[in-house]
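The block underneath contains the structure these notes are about, expressed in structure tokens.
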Amino acid sequence: MYRNASSKNLAILGEFRKIAESLFPQGSKPSGIIPSKQKPDLAAAAGFAQALGIDTEYRRLLKVNKNTAEMKEFLVHFQNNLDLLIQKTWVEKADESRRDKLQDEVSPFMTMIIEEQYPQAIEAFGAILEELAYLFFGVQSAKDDFTEYALRIDMQMGLFWWYGTQLGRLYKKDKAAVYNDEYLWAVLLIGICYLTNF
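Letter 162 of the sequence shown, counting from 1, is numbered 842 in my numbering, and no numbers are missing.
Given below as structure tokens:
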């Protein structure tokens, strides 16, 4: 879903702009990759979760070991909710195959999370969000002003879709991670928490 969109071109309110820009810093190379000297900011991830209204659950889950029953139960809730969002989306007959294909992408994505393959999971999640946006908003989701459109509907929802467009900044096209796994998980958990409560 990464479209090399700069938050400078978005109508993000001032109170959220600093949070958004600290989560996905500007000044990246033309390929969209942040220079390796850029330090990840876990506080920025927590601030972004707060802006989305999911900070209590996010902070709690960030401290939970990924191999515990609590985390596994949460991931089951996420997968069930994502499946439900996909299945219950009304689409034209011509788009049913897209919906079915997206449904098939959920299980491999969950495997990436469980196996802690975060660069691949970030990339897969970006693709899932792009298709999910299409199912919700149709061709509007592919337009350059989609994030601004979503922000006008609801600020938190717009921030979430903007987040989806920025995930490509966190990995290189050759699948080498720009950031460490701790940060990639922190950023990925934002989207997981949001969609679990969507």
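All residues carry an ideal CB built from backbone N, CA and C; glycine is no exception.
Predicted, not measured: the structure shown is a model, and the values here were computed from it.
Nearest in C-alpha terms to N761, of all of L812, V771, V744 and L732, is L812. Within 10 angstroms of the beta-carbon of I734 lie 16 or more other beta-carbons, which makes it buried. Y859 carries a coil assignment under DSSP once its states are collapsed to helix, strand and coil. Between I870 and A725, the CB-CB gap stays under 8 Å. Apart from sequence neighbours up to five positions away, no residue of its chain approaches D834 with a beta-carbon distance below 7 Å.
Restricting attention to alpha helix (DSSP H) runs no shorter than 4 residues, the segment 777–862 encloses them at 798–817, 826–833 and 835–846, ordered along the chain.
Taking 8 Å as the upper bound for CB-CB distance, Y798 and L868 are in contact here, some 6 Å apart. The continuous stretches of alpha helix (DSSP H) do not include T748, and DSSP gives it neither H nor E.
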